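A.B. asks: Residue numbers (this note's numbering): 1408 to 1819. I'd like to ask you about the structure that follows.
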């Protein structure tokens, strides 16, 4: 039975499961009114068709992603329309393997590393999302490979993949601060503490030395150069509409349709008021405070830090849809071996998370399919979901205990 603990066997099984789901999805698309394929996949394919014929991907309405994604999917036109789904599945499998590799880099036993990957490989949500043709698996892989190289203190590769991740979706920019603090850190930074007590010129010198350490300078230069290079290159090719749809839309976006965000009803009611945009911008303040505080507190354990940051960012975001959950679900397996809670408590947390979603979905169902005005109930369900997420975040922080060397040996 040793084969079940083999990471390559695990990858193969997970790949076949996803291919099976993709094949089933093709059948469902042909025979049922409710389609399996994600509507965004058709948007991606249409944008790829425009790129394939030398036009702008933004000629496809509602395509609000980097042109690189459309370029990656041009084989949908030249080879087979299912190419993109297979590509997303491969990124999905890469994400699971990176979870294994990160845990191994952190010194955990082989079996623990494999079991950690199971929380991604056999989670029905990422398996379904990638096989339906959603591109979130690319983001998961980019974030995980950034963390992998950060753990190995490879500042050039860390900066490069962080820039690529931010280019694809803006939210990974929240990882910039903890990565900056981690890269180039020396043991305890005792000199800085001593200079702080002395004050004056000595403190200024110590701060400059702390900030401008070679590894940190390289990290920032590579990240900024890569991001600026990508932005300029694509701006030259596609003009302002590239900036608008890749970056600006997502910064200023206010989704007035019902979503999981605790802010949605307030933004919906105030959409015609002159100060509604100010309210939308103020919603960024709790996110900013949370991500900065968590960065300084937990950056030494970069994987756990990024999990907390992402969980808080999604919870406090002014727009929250189901696909956003994948942003932290790819990081959760990295923390599982370190979260010391009883099985019963873990099940209560998981049940509460799913039940809160179910409550929201029930209210949304009556609005969308039965035509009842359930906005107030959707908002109340959003508040319940918000509170549940805050509770889970606190539980993560309270129960997190890094494994000792003796713990790691026992797990072997």
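Cβ coordinates follow ideal geometry from the N, Cα and C atoms, glycine included. Keep in mind that this is a model prediction, so the values were computed, not measured.
How should residue 1415 be labelled, buried or exposed, when 16 other C-beta atoms within 10 angstroms of its C-beta is the threshold for buried?
C.D. replies: Under this definition residue 1415 is an exposed residue.
A.B. asks: Quick one: grab the DSSP three-state call for residue 1746.
C.D. replies: strand
A.B. asks: On the DSSP bridge list, what partners appear for residue 1807?
C.D. replies: 1746
A.B. asks: Taking one C-beta from the region 1517–1532 and one from the region 1735–1745 each time, how about it: are there three or more such pairs within less than 8 Å?
C.D. replies: The region 1517–1532, when compared against the region 1735–1745, does touch it at the 8 Å Cβ threshold.
A.B. asks: Give a yes or no on contact between the region 1786–1798 and the region 1661–1675, applying the rule of three or more CB pairs nearer than 8 Å.
C.D. replies: yes
A.B. asks: Touching or not, the region 1446–1461 and the region 1479–1497, by the rule of three or more beta carbon pairs under 8 Å?
C.D. replies: yes
A.B. asks: Using the beta-carbon count (16 or more within 10 Å), is residue 1682 buried or exposed?
C.D. replies: exposed
A.B. asks: Can you round the beta-carbon distance between residue 1581 and residue 1698 to whole angstroms, since I take them to be within the 8 Å contact cut?
C.D. replies: 5 Å
A.B. asks: With H, G and I counted as helix, E and B as strand and the rest as coil, what does DSSP make of residue 1681?
C.D. replies: coil
A.B. asks: Rounded to whole angstroms, what's the CA-CA distance from residue 1561 to residue 1621? Just pull it up for me.
C.D. replies: 12 Å
A.B. asks: Just to confirm, is the Cβ distance from residue 1652 to residue 1460 under 8 Å?
C.D. replies: no
A.B. asks: At which residue ranges does the region 1626–1660 contain complete alpha helix (DSSP H) runs of 4 or more residues, listed in the order of the chain?
C.D. replies: Complete alpha helix (DSSP H) runs here, min 4: 1647–1650, 1656–1659.
A.B. asks: Do residue 1733 and residue 1532 have their beta-carbon atoms positioned less than 8 Å apart in this structure?
C.D. replies: Yes.
A.B. asks: Rounding to the nearest angstrom, what Cα-Cα distance links residue 1423 and residue 1538 in this structure?
C.D. replies: 11 Å
A.B. asks: Applying the 10 Å Cβ sphere with the 16-neighbour rule, what's the burial state of residue 1438?
C.D. replies: exposed
A.B. asks: Going residue by residue through the region 1500–1548, where are the continuous beta strand (DSSP E) segments of at least 3 residues, counting only ones entirely within it?
C.D. replies: Counting only runs of 3 or more, we get nothing.
A.B. asks: By the three-class DSSP mapping on this structure, what secondary structure does residue 1424 have?
C.D. replies: helix
A.B. asks: Could you please give the first and the last residue of the uninterrupted alpha helix (DSSP H) stretch that includes residue 1704?
C.D. replies: 1691–1705
A.B. asks: Here's a check: name, in chain order, each residue in its chain whose Cβ is nearer than 6 Å to the Cβ of residue 1569, leaving out the five neighbours to either side.
C.D. replies: Taken in chain order, the residues that qualify are 1553, 1630.
A.B. asks: From which residue to which residue does the alpha helix (DSSP H) around residue 1487 run?
C.D. replies: Looking at the DSSP string, residue 1487 is not in any alpha helix (DSSP H), and its letter there is neither H nor E.
A.B. asks: Return helix, strand or coil for residue 1667, following the three-state DSSP convention.
C.D. replies: coil
A.B. asks: In the region 1443–1470, which residue ranges form an unbroken alpha helix (DSSP H) of at least 4 residues, counting only runs that do not cross its ends?
C.D. replies: 1446–1459
A.B. asks: Which residues mark the beginning and the end of the alpha helix (DSSP H) in which residue 1734 is found?
C.D. replies: 1732–1736
A.B. asks: Assuming residue 1574 and residue 1634 are in contact, meaning their beta carbons sit under 8 Å apart, how far apart are those beta carbons, in whole angstroms?
C.D. replies: 6 Å
A.B. asks: With contact counted as at least three CB pairs below 8 Å, one residue from each stretch, are the region 1762–1782 and the region 1715–1723 in contact?
C.D. replies: no
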